[in-house]
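Scroll down for the structure; my scribbles are underneath it.
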Amino acid sequence: MTSNDYLVSGDGLKIGYTKFGSGPAVVLVHGSYTVQSHWFQFASLLAATNTVYVYDRRGRGQSPDDKSLFSFQREVDDLASMVDLAGPGASIVGHSYGGGVALAYIIQSGFKGHVIFYEPMNSIYGKISQGFLPQLSSLVEAGRMDEATVLTQTRIVGFDPAAVEASRASAAWIEFTKMTKVFLRELEALDNLTPTSTETDAIEAVTYLLLGTETQPGIRTASAALVARVRGITMYPVRNQGHLAHIFDPEQLKDLVVHCLNKA
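Letter 228 of the sequence shown, counting from 1, is numbered 268 in our numbering, and no numbers are missing.
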């Protein structure tokens, strides 16, 4: 069973979400350059065993926030609202930027459930922007969104330039560039996501980290920071996949998530 609805977050913003399946609840926090529908195939697979809540993070899809001021804390508060909606015993899956949101949430809240990080972004070992933030900001302010998007994908995220060039010829590229303005503010937030050892030592959640065997070095570095800093975290490889297994191999990703959810 699938249904679509809204909840009202702490600052009054309507957050759109889709609910799949039945069973123990899982809240999915997606990454940048993404909307909830990009995770629907994965969610449909996981719905065989779980109730899955996939929401549009603020600034996109069913959760536009053009009239409100952005802050990373509001993203954390949105996740808190989704976890409250899912109810006691809920687990969290956080991908990329969404993994950073999940990290901040479990530090602040003392969350004790299962948290599965899929290549979570953070700046513990160095700023995610790698010094490109001023250049990206200038391009966005000038409305040069195509150039800005190429910069984010090749120099910051680290995707193969040839693959990015091929993407520019696709029908989806224009919609992709529209997300770069939102990515800019998310990148600024990630540059400041540097929890202390004291904060990560206090994490009470049961944590797992999924890392693609084909993932780019910068993303691997951010994942390595969590492996080094979060006590008791268990890591599993996502075989022959990189940062987008939810699109290219959702079955494998679902199997890994189910395995983590079923561990004590």
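Cβ atoms here follow ideal geometry from the backbone N, Cα and C, with glycine treated the same way.
- With fewer than 16 other Cβ atoms inside 10 Å of its own Cβ, Gly-150 counts as exposed.
- Taking a C-beta distance under 8 Å as the contact criterion, Val-94 and Ala-83 qualify as a contact pair.
- Apart from sequence neighbours up to five positions away, the residues of its chain that approach Gly-138 with a beta-carbon distance below 6 Å are Val-69, His-70, Gly-71, ordered along the chain.
- Per the DSSP secondary-structure output, Asn-44 pairs in a beta bridge with Thr-58.
- DSSP places Pro-64 in no beta strand (DSSP E); its state is neither H nor E.
- Taking all protein chains shown into account, His-299 has fewer than 16 neighbouring C-beta atoms within 10 Å of its C-beta and is therefore exposed.
- In this model, Ser-210 and Tyr-73 are separated by some 15 Å (Cα to Cα).
- Exclusion of the five residues before and after Gly-282 leaves Gly-252, Glu-254, Thr-255 as the residues of its chain whose Cβ lies within less than 6 Å of its Cβ.
- Taking the C-beta atoms as reference points, Val-66 is found no nearer than 8 Å to Val-141.
- Residue environment for Pro-174: exposed (fewer than 16 other C-beta atoms within 10 angstroms of its C-beta).
- Listed in chain order, the beta strand (DSSP E) runs fully inside the region 81-109 are 91-95, counting runs of at least 3 residues.
- In this structure, Thr-91 keeps its C-beta atom at 8 Å or more from the C-beta atom of Gly-129.
- Under the three-state reduction of DSSP, Phe-172 is assigned to coil, being neither helix nor strand.
- Nearest in C-alpha terms to Asn-162, of all of Ser-49, Arg-260, Ala-285, Lys-294, is Arg-260.
- Pro-160 carries a coil assignment under DSSP once its states are collapsed to helix, strand and coil.
- Counting along the chain, Met-219 sits inside no beta strand (DSSP E), nor does DSSP assign it H or E at all.
- Put simply, the backbone Cα of Val-190 is about 12 Å away from that of Phe-172.
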